[in-house]
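Reviewing the structure listed below.
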Amino acid sequence: MRIDFHGQNAEITGQLRSHAEPRLRTLARHFQKVQSVKIVVKGQRSWRTVEITVDADGLLVRAQERSDDELEAFDRALEAIERQLGRFRERVRDSHRRARESLEAPQETSAEETTDEEASLQVVRTKTVNLKPMTTQEAIMQMDLLGHDFFLYVDSDTEKVAVVYRRKEGGYGVLFGE
Numbered sequence: 000m001r002i003d004f005h006g007q008n009a010e011i012t013g014q015l016r017s018h019a020e021p022r023l024r025t026l027a028r029h030f031q032k033v034q035s036v037k038i039v040v041k042g043q044r045s046w047r048t049v050e051i052t053v054d055a056d057g058l059l060v061r062a063q064e065r066s067d068d069e070l071e072a073f074d075r076a077l078e079a080i081e082r083q084l085g086r087f088r089e090r091v092r093d094s095h096r097r098a099r100e101s102l103e104a105p106q107e108t109s110a111e112e113t114t115d116e117e118a119s120l121q122v123v124r125t126k127t128v129n130l131k132p133m134t135t136q137e138a139i140m141q142m143d144l145l146g147h148d149f150f151l152y153v154d155s156d157t158e159k160v161a162v163v164y165r166r167k168e169g170g171y172g173v174l175f176g177e
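Here numbering that gives the first Met the number 0 is used: the first residue of the sequence shown is 0, the next is one more, and so on.
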């Protein structure tokens, strides 16, 4: 497993490295598919933001926490990662269990009989959109006009499919397809 540390307006201390590495190795033992972990520490005034991104065989899991102590922020972000990976593992187990049960005793279920978890995984709407070439600024304006949290478009500069989205902390993000 590869562990990368990056600092933005903050220095990566030896204390953080020695604190983080054993905990991340433990994470890798519990979730064998973890291939790499990227830790970004952002310094702003009197507090630190720690962002952890885990690549678990193509599944990207990300958590970000902020505190005046970078070790505390790291621990809270790692707990969030562990919760996310645990939920993912449980969903995989449940889907395998449901598949095995359906092979053993096929039954028809009505829409009323679905459980809450099954309902949360069901696609309730599919939509086809006409992708138009536009700049990121135009896509943001279009997204705001529609009242959406994200907007799919073709970037006129790169000619790639892109998604602009509203971030929790404010501002916008852009994802480009390859």
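Just so you know, even glycine gets a beta-carbon here, dropped at the ideal spot from N, CA and C.
For residue 98, the number of other beta carbons within 10 angstroms of its own is below 16, and it is reported as exposed. Rounded to whole angstroms, residue 95 and residue 46 show a C-alpha spacing of 43 Å.
Distance from the CA of residue 149 to the CA of residue 6, rounded to the nearest whole angstrom, comes to 29 Å. Between residue 133 and residue 152 a beta carbon distance of about 5 Å is seen, short of the 8 Å cut, so the two are scored as contacting. Between residue 78 and residue 176, the alpha-carbon positions lie close to 30 Å from each other. Taking 8 Å as the cut-off, the Cβ atoms of residue 53 and residue 40 do not count as close.
Shown here for residue 155: same chain residues with a beta carbon closer than 7 Å to its own, the five before and five after excluded, namely 132, 133 and 134 in chain order. Contiguous beta strand (DSSP E) elements confined to the region 131-155 occur at 149-154, taking only those with 3 or more residues.
If you look at residue 169, you'll find it isn't in any beta strand (DSSP E); DSSP assigns it neither H nor E. In the displayed model, residue 30 falls within coil according to three-state DSSP, outside both helix and strand. Taken in chain order, the complete beta strand (DSSP E) segments of 3 or more residues contained in the region 29-104 are 33-43, 46-55 and 58-66.
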